[in-house]
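These protein sequences, in sequence, are chains D and X. For the numbering used here, count along the first sequence from 1 and bump the result up by 2. For the numbering used here, count along the second sequence from 1 and bump the result up by 11. Here the structure is laid out as structure tokens; the discussion comes afterwards.
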Amino acid sequence: MSLLSSIRTIAIWEIKRSMSTMGKGILPLAVVLLLLLVLVTAFAAESGLHLQDGMYRIGVDDPDTARIVASDTRFVTYLDDGASLRENRFSYDIVIINGEVYAVDTDKGRAALNTLERDYESYVASVAAAEPDLFAAYPLWIDLQYVKSEIDFLATQSGQQVGAPVETKRPPTPSLPVEEVTPPSQGKLTTEEELREHLIESGDGQPLKRYTSLISGESTTDRLLTPSELSPPLPFDTIILVFVFIFPLYFTSQFFMMSVMNERVGRAGEALLSAPVRQAAIVVGKALPYFTIMILIAAAITLFARAPLTILLPLIPVILFFLANALIIGMTSRSFKELSFVSIFFSTIATSYLFFPTVFANTHVISIVSPLTLVVLAIQGDGFTAMEYLYSTALFFATSIILFYVGIANFREEHLFSERRLTSRVVDFISTGISRNHPHVSLFLLAAFMIPFVFMAEMLTLVLFFNIPMPLSLLLLTLTAAVIEEFAKSIGLYAIARDWPGFLTVKNLLIGATVTGLGFLVGEKLLLFATLAQITESIFGSILFLSLQALWMPLLLHIAGVLITGGFLLLGGRRAYAPGIVAAGIVHSLYNLYFIGGVLL
Amino acid sequence: MNRRHINLIAKKEIAGLSSEKTIVFAILLQVFIAMFSSFLMVGLTAMYDPESIEGYSTVTYRVGYAGAESPLIDQFAKRDDLILYRMDLGEALAALRERMVSAVVYVPDTPPDAEDPVTVTLYLIQNDLQSGVVNVKIKEVLQDYEEQLREIRADRLIYSPVELNFPDSGGGESFFEFVYGLLIPLLVFLPAIVSAALIIDLITEEYQRQTLETLLSTPITFTEVIWGKIAACEVLVPLQAGAWLILLWLNGIPVNNAMAILLHVSTSGLVLILLGALVALHYRERTSAQFIFSTALVVVFIFVMAVPYNPLNLIVRLAVDSIGPTHWLVLALVAAATALLGWAITVYAHRVGEKSP
Numbered sequence: 003m004s005l006l007s008s009i010r011t012i013a014i015w016e017i018k019r020s021m022s023t024m025g026k027g028i029l030p031l032a033v034v035l036l037l038l039l040v041l042v043t044a045f046a047a048e049s050g051l052h053l054q055d056g057m058y059r060i061g062v063d064d065p066d067t068a069r070i071v072a073s074d075t076r077f078v079t080y081l082d083d084g085a086s087l088r089e090n091r092f093s094y095d096i097v098i099i100n101g102e103v104y105a106v107d108t109d110k111g112r113a114a115l116n117t118l119e120r121d122y123e124s125y126v127a128s129v130a131a132a133e134p135d136l137f138a139a140y141p142l143w144i145d146l147q148y149v150k151s152e153i154d155f156l157a158t159q160s161g162q163q164v165g166a167p168v169e170t171k172r173p174p175t176p177s178l179p180v181e182e183v184t185p186p187s188q189g190k191l192t193t194e195e196e197l198r199e200h201l202i203e204s205g206d207g208q209p210l211k212r213y214t215s216l217i218s219g220e221s222t223t224d225r226l227l228t229p230s231e232l233s234p235p236l237p238f239d240t241i242i243l244v245f246v247f248i249f250p251l252y253f254t255s256q257f258f259m260m261s262v263m264n265e266r267v268g269r270a271g272e273a274l275l276s277a278p279v280r281q282a283a284i285v286v287g288k289a290l291p292y293f294t295i296m297i298l299i300a301a302a303i304t305l306f307a308r309a310p311l312t313i314l315l316p317l318i319p320v321i322l323f324f325l326a327n328a329l330i331i332g333m334t335s336r337s338f339k340e341l342s343f344v345s346i347f348f349s350t351i352a353t354s355y356l357f358f359p360t361v362f363a364n365t366h367v368i369s370i371v372s373p374l375t376l377v378v379l380a381i382q383g384d385g386f387t388a389m390e391y392l393y394s395t396a397l398f399f400a401t402s403i404i405l406f407y408v409g410i411a412n413f414r415e416e417h418l419f420s421e422r423r424l425t426s427r428v429v430d431f432i433s434t435g436i437s438r439n440h441p442h443v444s445l446f447l448l449a450a451f452m453i454p455f456v457f458m459a460e461m462l463t464l465v466l467f468f469n470i471p472m473p474l475s476l477l478l479l480t481l482t483a484a485v486i487e488e489f490a491k492s493i494g495l496y497a498i499a500r501d502w503p504g505f506l507t508v509k510n511l512l513i514g515a516t517v518t519g520l521g522f523l524v525g526e527k528l529l530l531f532a533t534l535a536q537i538t539e540s541i542f543g544s545i546l547f548l549s550l551q552a553l554w555m556p557l558l559l560h561i562a563g564v565l566i567t568g569g570f571l572l573l574g575g576r577r578a579y580a581p582g583i584v585a586a587g588i589v590h591s592l593y594n595l596y597f598i599g600g601v602l603l
Numbered sequence: 012m013n014r015r016h017i018n019l020i021a022k023k024e025i026a027g028l029s030s031e032k033t034i035v036f037a038i039l040l041q042v043f044i045a046m047f048s049s050f051l052m053v054g055l056t057a058m059y060d061p062e063s064i065e066g067y068s069t070v071t072y073r074v075g076y077a078g079a080e081s082p083l084i085d086q087f088a089k090r091d092d093l094i095l096y097r098m099d100l101g102e103a104l105a106a107l108r109e110r111m112v113s114a115v116v117y118v119p120d121t122p123p124d125a126e127d128p129v130t131v132t133l134y135l136i137q138n139d140l141q142s143g144v145v146n147v148k149i150k151e152v153l154q155d156y157e158e159q160l161r162e163i164r165a166d167r168l169i170y171s172p173v174e175l176n177f178p179d180s181g182g183g184e185s186f187f188e189f190v191y192g193l194l195i196p197l198l199v200f201l202p203a204i205v206s207a208a209l210i211i212d213l214i215t216e217e218y219q220r221q222t223l224e225t226l227l228s229t230p231i232t233f234t235e236v237i238w239g240k241i242a243a244c245e246v247l248v249p250l251q252a253g254a255w256l257i258l259l260w261l262n263g264i265p266v267n268n269a270m271a272i273l274l275h276v277s278t279s280g281l282v283l284i285l286l287g288a289l290v291a292l293h294y295r296e297r298t299s300a301q302f303i304f305s306t307a308l309v310v311v312f313i314f315v316m317a318v319p320y321n322p323l324n325l326i327v328r329l330a331v332d333s334i335g336p337t338h339w340l341v342l343a344l345v346a347a348a349t350a351l352l353g354w355a356i357t358v359y360a361h362r363v364g365e366k367s368p
């Protein structure tokens, strides 16, 4: 059978099988649940969400004042006369006596005061909206216009504060030629009736409302606003779409994870493994239906949100990444509960990696680390270039392909049905990758293949330390980057020390360290030159990828690092592995710090 | 049912959890989220209440002013965090594009007491963190100006709202509502959901790995096995929720009535665990059970949130210490529901156990 036709066979078989295990029992209940969901949503819309009910107690001496907060369920209102309110003032968060507002001087009191002020604002607004002379009640209207900034963010790249001011009395003069602009016309852009109508509509200030309207594609910029309606145009707005896309995709990848796991439970996959098809066909064939479903889901959401279909492009590597990880997790977990915990853990980390950089979608070049930034850009209508696509998706493609390769290579009986621990199974997988005939070539390739994972981990630390003050964040970044790199380089040696202790001689260690260092360097440079040149321009990048300048220095460093860890392994056995990594990490950091010192001073 | 047997099973499951180091992942997860907490605070609070980000900025911003002379200039002069520059509109917009100013306002020559409204045009940089901060600051200026214009046109108004005089609060404290009203109930309930997913894994695994027969060849009955697993999952709920409360406390977020909160979470968590057990007993296969359970979970959560005095709301109220003994009543109700579900599980498990030993 050719590879393609066997992939097809496996894919069809996979669909049929999941239909038969899931279909019969699930469909009726799923339909019932869906109906219930509709009913419950309607009920919730009717009754409102009662999460923050009764957070604050407010004492009021006047029924008219009480009416201001009557519709806000966050307040529990007590009506009493002024004297007894004054007496019991400490059992309330806020008391209002004769129109004077008193709040308890605690965080809670201040928060209550804030909420009350907002309620009062919307109360005043609702009174004003009923005025016959609308333009006396709302004398000021804002026409909000957005301008695209044309320069990129060289200042923020070097870690400077956004918009650092220069104290001058003179107005700044732009360096680019000034275009003639006609002042905005002062004709009424909207009629009085329309304005009044939207004032009544926007009366209730639900904090989450702006996000729901975002998905349904409503926009607030095409009409006039009152000053209190101005809400900041935060990049966070588009983030909600990220959640809309990522969670269904992640959820679907769970089915693939489970399907892989099911092959292992009770050796169910034995028949499949003995079929006359290659392992690659089995894995790809099994993954294909899920990949298709995920693409369809993403496309459906895109169409529903009326977003451009180009956002599917950056989602493809994300889908592949989810599937690749689902494959590995499904192949390594020993039990269902391990599967659950590991996948929850993975999803949190993956989501943070995808989510946090997008917060800086428009301010910092770091944001391009996440493919979802491209989604945000595409939704904004800015689009992205092929180069940016390469930058932000290369790591995802590379890691997915490597993980799929590892999965396929290990999709064999002895690994699928073993009952070893998670960590030792991972080492198993790595150990499979080390050829007994050409161990040094394997170590070289292994080191090179570790690079995308190292970069991903380092990017995550970069995001993690992003908002820690500058010198400390640099130090932490240097330390963690060093430890991550040393770990990645030595994992191959560790696998050898475990499964093939006889190999670990002084001579072999020297050669092994050299090829590992070389492989690491080659992989690093390849990926760097191909993709991350942009990030290396920032000061953060120069710490992570410091070793770009001269080639022999980092090579020596990498070799030395592996030698230190390898030496620990050689002398102290596997128990000495962790101290070895720490020692190598310290040496590595010192080297890096020395260089940063040179760069900064 | 024999309590010793249940204990035995529960101990076995917990030992399994710790020997597999899965619990390590759960702890790592908590630490990981806690590490992100500062970022989470800034990011999520800003999502919840965009105006809070103003507090993060101590910088002064430059604003370009174009158009006619107006009292708005004096309003800007009152602010020390905004510097106003009179500029030509074209020049100002060019400067904005180069980020030499952070915003541009264009004011028409409409007199303050005119029939028509004053329509100010505000130019900001599109979708940018800094614009968010500037927007909030300018909003305050414009609101003051609106107030001023309203006073000028006051004789044309007929309604008068109730007057309230607010004390000078000195800036917003908007973390509070987000942290206590959203973050705490979610974090504290997370372990309950995790445990409910865990019971499905524990039960379906016995079926799919066909280990049930070995287990039942001992004097332990099927019902006892199920209850043992439920007990193991239930123990984790207050432990993990308590860990969250301690982490929050270490982060400087004290939570009131911690014991009562843990009681509520444990009881409601038990409802979820029992639901999970019921689904798992019905399907005996993980994929189907998890799928149905997670869909059902969404339904249950939306429903519960729509009911006043729901357990999540009670956790909020308890955390900010603004509820009296009423919550014990709700706790009793939830406990009654739990007992009912528990009875249903016992009967169901008994029937399943009889049919397939």
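Backbone N, C-alpha and C fix where the C-beta goes; we use that ideal spot for every residue, glycine too.
Buried/exposed call for residue 245(X), threshold 16 Cβ in 10 Å: buried
Residues of its chain near residue 9(D), where Cβ-Cβ distance is below 7 Å and the 5 sequence neighbours each way are ignored: 283, 286, 287 and 290
Through-space distance from residue 497(D) to residue 442(D), alpha-carbon basis: 13 Å
Backbone CA spacing between residue 458(D) and residue 322(D) [nearest angstrom]: 15 Å
DSSP state of residue 502(D) mapped onto helix, strand, coil: coil
Under 7 Å (Cβ pairs) to chain D, residues found in the segment 296–321 of chain X: 296, 297, 298, 299, 302, 303, 306, 307, 309, 310, 313, 314, 316, 317, 318, 319 and 321
Identified DSSP bridge partners for residue 96(X): 75(X)
CA-to-CA distance, residue 328(D) to residue 274(D), given in whole angstroms: 19 Å
Neighbour flag for residue 128(X) against chain D, beta carbons, 8 Å: yes
Per-residue DSSP class, three states only, for residue 307(D): coil
Chain D contact for residue 174(X) (CB, 8 Å cutoff): yes
Start-to-end residues for the alpha helix (DSSP H) that takes in residue 349(X): 337–366
Cβ of residue 74(X) within 8 Å of any chain D Cβ: no
Beta carbon proximity, residue 98(D) to chain X, threshold 8 Å: yes
Contact set for residue 288(X): own chain, Cβ-Cβ below 7 Å, skip 5 residues either direction: 210, 214, 237, 241 and 356
Three-state class that DSSP yields for residue 77(D) in the structure shown: strand
Selection from 218(X), 135(X), 167(X) and 273(X) that minimises the alpha carbon distance to residue 196(X): 273(X)
Partner residues on chain X for residue 27(D), Cβ-Cβ distance less than 7 Å: 294 and 299
Nearest residue (CA-CA) to residue 15(X), options 253(X), 315(X), 235(X) and 299(X): 235(X)
Sequence-distant residues of the same chain with beta carbon closer than 8 Å to residue 332(X), five excluded per side: 267 and 268
Cross-chain neighbours of residue 406(X) in chain D, by beta carbon under 9 Å: Because chain X here runs from 12 to 368, residue 406(X) falls outside it and cannot be looked at.
Against chain X: residues of the segment 339–355 of chain D by CB proximity under 8 Å: 339, 340, 341, 342, 343, 344, 346, 347, 350, 351 and 354
Residue 120(X) in three-state terms, based on DSSP: coil
With 16 other Cβ atoms within 10 Å as the buried cut-off, status of residue 316(X): buried
Chain X within 8 Å of residue 429(D), Cβ atoms only: no
Start and end residues, alpha helix (DSSP H) containing residue 273(X): 269–294
Local Cβ density within 10 Å of residue 412(D), reported as buried at 16 or more and exposed below that: buried
Of the residues 331(D), 352(D) and 512(D), the one placed nearest residue 249(D), counting alpha carbons only: 352(D)
Residue 216(D), buried or exposed, once every other Cβ within 10 Å from all chains shown has been counted against 16: Low confidence applies to residue 216(D): its pLDDT is 47, below 50, so where it sits in the model is not reliable enough to give any reading.
Proximity test, Cβ basis, 8 Å: residue 125(D) and chain X: yes
Chain-ordered neighbours of residue 225(X) on chain D, where CB pairs are closer than 7 Å: Ordered by position in chain D, no residue passes the 7 Å Cβ test against residue 225(X), which lies about 13 Å from the chain.
Near-chain D residues of the segment 210–222 of chain X (beta-carbon distance less than 9 Å), N- to C-terminal order: 211, 212, 213, 215, 216, 219, 220 and 221
Simplified DSSP assignment, three categories, for residue 59(D): strand
Any chain X beta carbon closer than 8 Å to residue 42(D): yes
Beta-bridge partners of residue 145(D), as assigned by DSSP: 132(X)
CB of residue 150(X) within 8 Å of CB of residue 93(X), strictly: no
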